[in-house]
Structure formats: C-alpha cells, structure tokens
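Enquirer: Under the working numbering, the first residue of the sequence shown carries the number 2, and numbering increases by one thereafter.
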Amino acid sequence: MPTLSPPRAWAEIELDALRHNLGVAREISGCRVMAVVKAGAYGHGLEEIARALAAEDIAFFGVANVGEARRITDAGVTTRIYLLGATWEAERVEVVERGWTPCLSTLDEARHFSDLATAAGTVLKCHLAIDTGMGRGGFVPDELPAALPQLEALPGIEIEGAGSHLPSADEDEAFTRDQFARFSEIVRRLGGRDRFEWIHLSNSAGLLGYDNSPCNLVRPGLMLYGISPLPGDQDRLRNVMSLKSRVTLIRELPAGHGVSYGREFITECPTTVATIGIGYGDGYPRSLSGKGAEVVIRGRRLPLIGRVTMDQIMVDATGAEVSVGDEVELFGPNLRVDELARKAGTIAWEILTGITPRVTRMHR
Ligand SMILES: *Cc1c(COP(=O)(O)O)cnc(C)c1O
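1. Can you name, in chain order, every residue of its own chain whose Cβ lies under 6 angstroms from the Cβ of G134, other than the five neighbours on each side?
2. Would a C-beta distance cut-off of 7 angstroms place F61 and R81 closer than the cut-off?
3. Taking the continuous beta strand (DSSP E) assigned at R301, which residues delimit it?
4. For E95, which residues of its own chain have a beta-carbon under 7 angstroms away from its beta-carbon, when the five flanking residues on both sides are left out?
5. Can the beta-carbon of D171 be found less than 7 angstroms from the beta-carbon of L231?
6. Is the region 225-239 close to the region 20-31, with three or more CB pairs under 8 angstroms?
7. Specify which residues have a beta carbon nearer than 5 angstroms to any heavy atom of ligand 1, listing them in chain order.
8. Compute the beta-carbon to beta-carbon distance between L108 and A148, rounded to the nearest angstrom, for a pair I have assumed lies under 8 angstroms.
9. Enumerate, from N- to C-terminal direction, the unbroken beta strand (DSSP E) stretches of 3 or more residues contained entirely within the region 248-296.
10. Do V241 and I14 have their CB atoms nearer than 7 angstroms?
11. Between the region 311-325 and the region 333-343, are three or more C-beta pairs nearer than 8 angstroms?
12. Let me make sure I understand the geometry here. Which of M224, C127, G222, R178 has the alpha-carbon closest to that of L84?
13. Compare the Cα-Cα distances from V274 to each of P255, D317, N22 and report the closest residue.
14. Would you mind stating whether P255 and P271 have Cβ atoms separated by less than 7 angstroms?
15. If you drop the 5 nearest sequence neighbours on each side, which residues of the same chain put their C-beta closer than 6 angstroms to that of L202?
16. If you pair each beta-carbon of the region 259-270 with each one of the region 288-308, do three or more pairs fall below 8 angstroms?
17. What's the C-alpha gap between I348 and A342?
18. Please check the pair V297 and E330, which I expect to be a contact at CB under 8 angstroms, by giving their CB distance rounded to whole angstroms.
19. Nearest to A10 by CA position, among I314, A55, L105, is which residue?
20. If you drop the 5 nearest sequence neighbours on each side, which residues of the same chain put their C-beta closer than 8 angstroms to that of G282?
21. Grab me the residues of T268's own chain with a C-beta within less than 6 angstroms of its C-beta, minus the 5 sequence neighbours each way, in chain order.
22. Give the straight-line distance between the Cα atoms of S214 and R71, rounded to the nearest whole angstrom.
23. Rounded C-beta distance between L225 and L19? I'm assuming under 8 angstroms.
24. Nearest to W350 by CA position, among G227, N22, G300, is which residue?
25. Taking the CB atoms as reference points, tell me whether A36 and I73 lie closer together than 7 angstroms.
26. Give me the Cα-Cα distance between K344 and G192, rounded to the nearest whole angstrom.
27. CB-CB under 6 angstroms to V97, same chain, minus the five flanking residues each way: which ones, in chain order?
28. Please look up how many angstroms separate the CB atoms of G157 and F114, rounded, as I've assumed it's under 8 angstroms.
29. Could you tell me which uninterrupted beta strand (DSSP E) segments, each at least 3 residues in length, are contained entirely in the region 115-166, listed from first to last along the chain?
30. Buried or exposed: which applies to V25, given that a residue is buried once 16 or more other Cβ atoms fall within 10 Å of its Cβ?
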C-alpha cells in the first residue's frame, strides 16, 4: 500500500467567487462578457474555469493562442472562442474548421483566412483589431479607410466585431479617457452598432474605471479572479484562488544562526523557525526574499526570513502557536496576491500565471 502523501502545496479555487465576480463585471459594465482565460485561466485551471463559466452565458472565451482554444473545445465547451493574439499560418486551417474567432491585424491574415474558409465552404467570423495605443497588434487608425473596404470584399470572412486594447487603464486616466473617445469615434465612423455586432475595448481596469457605453462587450481577466487593478473596487470582488502549504518542521535556532542560502538572514536572538513546504519551484517568487513578505498561519501573519528556496521557505514563528502540519496561506482572502506582487516587485497577473504545475489545483 502506498502511504497517503498529500501535496506540499495546493491552490484552492472557489468557483462561487468566480461567478460572483462575473456578476460584478456585468453589473458595472452593462455589457456582455468575453471571459479572458488565457494562460490556464490565470493559473486557475483552463478546463475547469471554462467549464464553470460555460453555463453562465459568456459571449466568448478569450485565449492567447490556438493551443488554449483547442483545450477548451476538446473539453466539450461550446462557447465561442476568441483568439487575442495572432495566429501562425499553419494554425489557420484549424481555426476555420473549428470556427474560432480571430482578430485581424493585417490584410495578409485576412486574405489567408478568407481563402481557407472559401475552400472549406464556410464564412469565418472575424473581428477587426484596431491599435489605438497598445502597439501590439491591430490596424493603426490611418490604415482603416483603405483596409476596411478590402476586408469587406473578401468572401470567406465576415467582420462581425471591432476591438482595441488599453495599455494603461490602471495608470493613466487622461490617456485612457482619450483612447475611449478616439475608439468610439473610429467605430462610429465605420458604422457603429449597425455595422458591428461586437464592439469591445476594456480589460478589467477599463471595465471598472470608465464608462463602457460605447461598447457592448468587455474582456475582463484579472477581476474575474478576484483582484481589482484599481484599488477602489477591491471590496466588491471575492477572492478566488488561495495558495496554501503546510508547516513541515519547527525548530529552535540560537542567536547568530544563518537562515537559508547566502546567509542573508542571521538570527538576532533565539528564534523559532517554521519551515514550510513551498518555494519558487511552485511559483512562490524568489524575489520575495528579504522584502518583508508574510504568510498567514492560524490567522496570524508571520514574517518570511531568509531567501525563498526551490521547495521550502522559513518564517519566524517565535511566540506564535504553530505546529507541524498547520495550514499556511501564502495568499488568499487574508493576504491578497497583489500585496505579494508589490513586495516581489511584480504584478498580480505574473504571480497567478507563474504558479507551477506542481501545485495541485482544487476546485470547489
Ligand atoms: C489579457 C487581456 C485582457 C484581460 O486583461 P485583465 O487586465 O486581466 O483584465 C483583455 N484584453 C486583451 C486583449 C488581453 O490581452
């Protein structure tokens, strides 16, 4: 008989909280929702999150690439899938076959999709990507008057939507307001709602911080997972993922003893050190070393000491009631991932998508 060996590190994922956050996105924007589930649904588990949201009247799932689209379709989910990034030529036959929705940045892509669709005897619905400031994809506005008639003339594609993306909705309000105005003016000139079934611009920050009335579709990612990119709206959202581990050892170290690689931390007095079974091999960032990060054990915050190692971290548990086997919250409802991200010098998106496959995801 193998001995029961529970995971050292796991992530609890609350699907009810996800549905709650979706409701908030709908209520605030007044728009239909493209749920952005790229990068394994921000580390929450692509198939599980897609299945949970498929029953919630989602207009599209937004994915980064064909590989992610394939996983959703293969999971039996029939919600439409929108490809947020460009496709390789070799991928486009499958896009046409499976009816995924690409966004178009060039006439070359559009012609290729049109040829493939025509050969397959279908018409592929596509969206026009407009670059109003992100600089990552789409037609720049000056190209549109010449490009749109050529796109419309292609028999194998139908331009059913127009979208753009916000580079700094959580950093630069003046630019973003101007971007909303420019985008809606461009779309209006191209024919507005009469011309496009779908008009979309906002990520989470755009959804939460701006008037989305020029649009009828929003593309939230982060906020669905319970983190607001704008501080004001955090209270309306519920935490979805909690990253957890357990205390594996408790030891008493004398004063003057080093803790972890590089011996950057030296105990100043006799110290109770709790060792915890998680490290950067699980996606707990090594860059948190020496940055005042904390963990939560039995409702109490305890400070990380010494460098984060691949599989284990140490906290100062002096005077705390802590036992081997105690559950540890690395982030979750009591310590938000954006606090951790700030201390690690990064953003919540990167921490969530960096949780590695070694961490067992538990959906409930
Ligand atoms: C990732 C992405 C989003 C979602 O962004 P959040 O900030 O996580 O809400 C929306 N639109 C596009 C084009 C994206 O690439």
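Heads up, the beta-carbon is just placed ideally off N, CA and C, and yes, glycines get one too.
Expert: Short version:
1. To locate residue 134, count along the sequence shown from 1; it is residue 133. P168, Q180, listed in sequence order.
2. Within the sequence shown, numbered from 1, the residue matching residue 61 stands at position 60. Within the sequence shown, numbered from 1, the residue matching residue 81 stands at position 80. Yes. Within cutoff.
3. Residue mapping note: residue 301 aligns to position 300 of the sequence shown, counting from 1. Start and end: 301-306.
4. For this step, residue 95 is matched to residue 94 along the sequence shown. Cβ neighbours of E95 beyond the five flanking positions: V67.
5. Taking the first residue of the sequence shown as position 1, residue 171 is located at position 170. Taking the first residue of the sequence shown as position 1, residue 231 is located at position 230. Result yes, Cβ atoms of D171 and L231 sit closer than 7 angstroms.
6. yes
7. V37, L85, H166, N204, S205, R220, P221, G222, L223
8. To locate residue 108, count along the sequence shown from 1; it is residue 107. To locate residue 148, count along the sequence shown from 1; it is residue 147. 6 angstroms between Cβ atoms; contact.
9. 272-277
10. Within the sequence shown, the letter at position 240 stands for residue 241. Within the sequence shown, the letter at position 13 stands for residue 14. For V241 and I14, yes; Cβs fall inside 7 angstroms.
11. no
12. Position 83 of the sequence shown holds residue 84. L84 has its Cα closest to that of C127, out of M224, C127, G222, R178.
13. As a position in the sequence shown, residue 274 is number 273, starting the count at 1. Considering only alpha carbons, the answer is D317.
14. In the sequence shown, the residue the question calls residue 255 occupies position 254. In the sequence shown, the residue the question calls residue 271 occupies position 270. In this structure, P271 lies closer than 7 angstroms to P255 by Cβ.
15. Start at 1 with the first residue of the sequence shown, and residue 202 comes out as number 201. Closer than 6 angstroms at the Cβ level, and outside the excluded window around L202, lie S165, F184, C216.
16. yes
17. Numbered from 1 along the sequence shown, position 347 holds the residue referred to as residue 348. Numbered from 1 along the sequence shown, position 341 holds the residue referred to as residue 342. Answer to the nearest angstrom: the Cα atoms are 5 angstroms apart.
18. For the purposes of this step, residue 297 is taken as the residue at position 296 of the sequence shown. For the purposes of this step, residue 330 is taken as the residue at position 329 of the sequence shown. With 8 angstroms as the limit, V297 and E330 qualify as a contact, their Cβ atoms being about 4 angstroms apart.
19. For the purposes of this step, residue 10 is taken as the residue at position 9 of the sequence shown. Residue I314 is the option with its Cα nearest to A10.
20. Your numbering for residue 282 matches position 281 in the sequence shown. Result list for G282: M311, D312, T357, R359, in chain order.
21. Numbered from 1 along the sequence shown, position 267 holds the residue referred to as residue 268. Excluding positions up to five away in sequence, the list reads L254, A256, H258.
22. Taking the sequence shown and counting its residues from 1, the one referred to as residue 214 is at position 213. Taking the sequence shown and counting its residues from 1, the one referred to as residue 71 is at position 70. Rounded to whole angstroms, S214 to R71 spans 33 angstroms at the Cα level.
23. Within the sequence shown, residue 225 is the residue found at index 224, counting from 1. Within the sequence shown, residue 19 is the residue found at index 18, counting from 1. Indeed, because the Cβ distance is near 6 angstroms, the residues count as touching under 8 angstroms.
24. Position 349 of the sequence shown, counted from the start, is the residue given in the question as residue 350. Of the candidates G227, N22, G300, the one whose C-alpha sits nearest the C-alpha of W350 is G227.
25. For the purposes of this step, residue 36 is taken as the residue at position 35 of the sequence shown. For the purposes of this step, residue 73 is taken as the residue at position 72 of the sequence shown. Not a contact, by the Cβ cut-off of 7 angstroms.
26. Indexing the sequence shown from 1 puts residue 344 at position 343. Indexing the sequence shown from 1 puts residue 192 at position 191. Using only the alpha carbons, I get a separation of about 47 angstroms.
27. Position 96 of the sequence shown holds residue 97. Counting only Cβ-Cβ distances below 6 angstroms, and skipping sequence neighbours, we find L117, A118, A121, L125.
28. Looking up residue 157 in the sequence shown gives position 156. Looking up residue 114 in the sequence shown gives position 113. Correct: roughly 7 angstroms between the Cβ atoms.
29. 125-130, 158-164
30. On the sequence shown, position 24 is the one that residue 25 refers to. With 16 or more Cβ atoms within 10 Å of its Cβ, V25 is classed as buried.
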